[in-house]
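Presented below is the structure to which this report refers.
Number of protein chains: 2
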Amino acid sequence: MNLDKIIDAIFELPEESKNALKESITKVAYPKGHILLKADKIEPTIYFIKKGIVRAFINQSDKEITFWFGKEGETVISMKSYVDNQNGYENIELLEDCEFYELKKSNLQKLFKKDINIANFGRRFAEKELIKTEERLIHRQFKTASERYSSLLKDSPDLIQRVQLGHIASYLGITQVSLSRIRATIR
Amino acid sequence: MNLDKIIDAIFELPEESKNALKESITKVAYPKGHILLKADKIEPTIYFIKKGIVRAFINQSDKEITFWFGKEGETVISMKSYVDNQNGYENIELLEDCEFYELKKSNLQKLFKKDINIANFGRRFAEKELIKTEERLIHRQFKTASERYSSLLKDSPDLIQRVQLGHIASYLGITQVSLSRIRATIR
DNA sequence: TTCGTTTTTTATCATTTGTAAAATTTTTAT
DNA sequence: ATAAAAATTTTACAAATGATAAAAAACGAA
């Protein structure tokens, strides 16, 4: 997934503003298993996923709970760090070898102050992430685990292929045993 | 809760920008039981709660599920309408007589295009709502119903007084009977 | 107040989900 | 190719939650 496509999907910037933004972005790559973001610290960097898949998890009384998957075109960001300059709660682990576009939060914030188009880009970015998060919340409250698994199968069939079921079960808020039962009844 | 305080809590605007924003805002009041927003339509208005308490709910197979409470200082908005110009999923019901500050989305969007401070105000608004939504999502995934009730008691003791337990139970994702059991074990 | 309605609690039983452990399948490394 | 490790499924039992009905408590209008 190339950078222009990722930027354009958020907000269509005039050429000049887009170039200013792109000047602050560089490419990086890390191997499967790498921890890209660590919880309980202020994270200064934003990543756009060019290639690969990652998961966000927290450690909850000696076990890991996965609460987000990100793949090509999505943004890896500690919202608490980005928005409030506070410690984030997410660890981000790479589930495949990955390539990212990297952007320093400090550079972006400078642009917010002097370029109205980039301020509106930042607004649209937050708004779109907000809608995604709200939909996840509502989905989680209103659907059973079984329905949520079926939706996942339908909306992201590749995820089931690329991510091990233990992580999927955790993401759905159930145990792996329970997910096995659900899969058995569907088949 | 006065308007200046609500605006300032989102983003500290220069006097001129703040006045431009305030020119678009008017006051309205509705009685307890009024439905302020209806699901499955595009909602053109944003409300800031001056006084009172409201709930957001959806109709899910013949019963209502509450998924949000808003009180003084909070914003009543259909995010889907605001962000994507699509039908929202929330109904908003007033649980007390309420007073609001009312702002038309169309006026706000005009200001986004010409005033960088208001564009950044809009960015901060979305960012802060995003953090709140993300925290609700994480809380819901990681805590048991019993823990969520205890947190609610601690963080919003007034809510338990002002809102009937059936709505609280729905908000927590459990039946009212189950909430009664939880309350019985805590006492 | 007092009656009627609504809300909350309690009790019982059915269903779902979790825990633990074993069995099976798949993946990885040599 | 084979052994070891990791992931997934299955089973049995325990714990938590849901559904329903009915009783008790709280609330509101006349």
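These protein sequences, in sequence, are chains X and S.
Every letter in the first sequence is one number past the one before it in full-length UniProt numbering, and letter 165, counting from 1, is 165.
Every letter in the second sequence is one number past the one before it in full-length UniProt numbering, and letter 175, counting from 1, is 175.
Ideal placement from N, C-alpha and C gives every residue a C-beta, glycine not left out.
If you're wondering where the values come from, they're calculated on a predicted model, not measured in any experiment.
Quiz item: If you draw a straight line from the alpha carbon of residue 224 (chain X) to that of Thr75 (chain X), how long is it in whole angstroms?
Solution: Within the shown structure, residues of chain X are numbered from 1 to 187, placing residue 224 (chain X) beyond reach of any answer.
Self-check item: Contact residues within the segment 70-97 of chain S, judged by C-beta distance below 8 Å to chain X
Solution: Those residues of the segment 70-97 of chain S that come within reach of chain X (Cβ to Cβ, closer than 8 Å) are Met79, Lys80, Tyr82, Val83, Asp84, Tyr89.
Practice problem: Drop a sphere of 10 angstroms on the beta-carbon of Gln141 (chain S), count the other beta-carbons inside from all chains shown, and report buried for 16 or more, exposed for fewer. | Solution: So Gln141 (chain S) ends up on the buried side.
Quiz item: If you measure from the beta carbon of Leu103 (chain X) to each beta carbon in chain S, is any gap under 9 Å?
Solution: The Cβ of Leu103 (chain X) sits no closer than 9 Å to any Cβ of chain S.
Quiz item: Below 9 Å between beta carbons: does that hold for Gly88 (chain S) and Lys50 (chain S)?
Solution: No.
Quiz item: If you run the structure through DSSP and keep just helix, strand and coil, what is Gly70 (chain X)?
Solution: The answer is strand: DSSP assigns Gly70 (chain X) an E or B state.
Quiz item: Is any beta-carbon of chain X found at less than 9 Å from that of Gly166 (chain S)?
Solution: With its beta carbon at least 9 Å from every one in chain X, Gly166 (chain S) lies outside the interface.
Quiz prompt | Three-way DSSP call (helix, strand, coil) for Leu94 (chain X) in this model | solution = Judged by DSSP in its simplified three-state form, Leu94 (chain X) adopts strand.
Quiz item: What residues match up with Arg55 (chain X) in a beta bridge as DSSP calls it?
Solution: X:Phe69, X:Glu93.
Quiz item: Beta carbon of Ile118 (chain X), beta carbon of Leu3 (chain X): below 9 Å?
Solution: No. Outside cutoff.
Quiz item: So is Lys41 (chain S) in contact with chain X if we call contact Cβ pairs under 9 Å?
Solution: Contact of Lys41 (chain S) with chain X is not assigned, every C-beta pair being separated by 9 Å or more.
Quiz item: With 9 Å set as the bound, which would you pick, yes or no: does the beta-carbon of Phe112 (chain S) sit closer than that to a beta-carbon of chain X?
Solution: So yes, Phe112 (chain S) belongs to the interface.
Exercise. Please classify Leu13 (chain S): does DSSP put it in a helix, a strand, or coil?
Key: Reduced to three states, the DSSP call for Leu13 (chain S) is coil.
Exercise. Evaluate Ser78 (chain S) with the Cβ neighbour count: other Cβ atoms within 10 Å of its Cβ, from every protein chain shown; 16 or more gives buried, anything less gives exposed.
Key: That one is buried.
Practice problem: Give the straight-line distance between the Cα atoms of Asp8 (chain X) and Asn59 (chain X), rounded to the nearest whole angstrom. | Solution: Approximately 35 Å, taken between the alpha carbons.
Quiz item: Looking only at C-alpha atoms, which of S:Cys98, S:Ile131, S:His139, S:Lys114 sits nearest to Glu16 (chain S)?
Solution: Closest option to Glu16 (chain S), Cα to Cα, is S:Lys114.
Practice problem: Using alpha carbons as the reference points, say which of X:Lys38, X:His167, X:Arg181 lies closest to Trp68 (chain X). | Solution: Selected option, being the one with the closest Cα: X:His167.
Self-check item: Members of the segment 139-164 of chain X near chain S, C-beta cut-off 7 Å
Solution: Within the segment 139-164 of chain X, the residues whose Cβ lies closer than 7 Å to some Cβ of chain S are Arg140, Gln141, Phe142, listed in chain order.
Practice problem: Would you verify that the beta carbon of Ala20 (chain S) is, or is not, closer than 9 Å to some beta carbon of chain X? | Solution: For Ala20 (chain S), the nearest beta carbon of chain X is not closer than 9 Å to its own beta carbon.
Exercise. Say whether the segment 147-162 of chain S touches the segment 147-155 of chain X, bearing in mind that this needs 3 or more beta-carbon pairs closer than 8 Å, one atom from each stretch.
Key: Cβ pair count under 8 Å is below three, so no.
Quiz item: Taking 9 Å as the CB-CB limit, is Lys128 (chain X) close to chain S?
Solution: Taking Cβ atoms only, chain S reaches closer than 9 Å to Lys128 (chain X), which makes this a yes.
Exercise. Give the range of the beta strand (DSSP E) segment to which Ile25 (chain X) is assigned.
Key: Element bounds for Ile25 (chain X): 25-30.
Quiz prompt | Rounded straight-line distance, which links the Cα of Ile25 (chain S) to that of Ile160 (chain X) | solution = When rounded, the distance between both Cα atoms is 48 Å.
Self-check item: Extent of the continuous alpha helix (DSSP H) run through Ile42 (chain X)
Solution: First-last for Ile42 (chain X): undefined, no H or E at that position.
Quiz item: Tell me which same chain residues have a C-beta within less than 7 Å of the C-beta of residue 200 (chain S), skipping the five on either side of it?
Solution: The question about residue 200 (chain S) has no answer here: the residues shown for chain S are numbered 1 through 187.
Quiz item: Which term fits Gly73 (chain X), buried or exposed, when burial requires 16 or more other beta carbons within 10 angstroms of its beta carbon?
Solution: It is exposed - the Cβ of Gly73 (chain X) has fewer than 16 other Cβ atoms within 10 Å.
Quiz item: Shorter than 9 Å from the beta carbon of Leu137 (chain X) to some beta carbon of chain S?
Solution: For Leu137 (chain X), the answer is yes, since a Cβ of chain S falls inside 9 Å of its Cβ.
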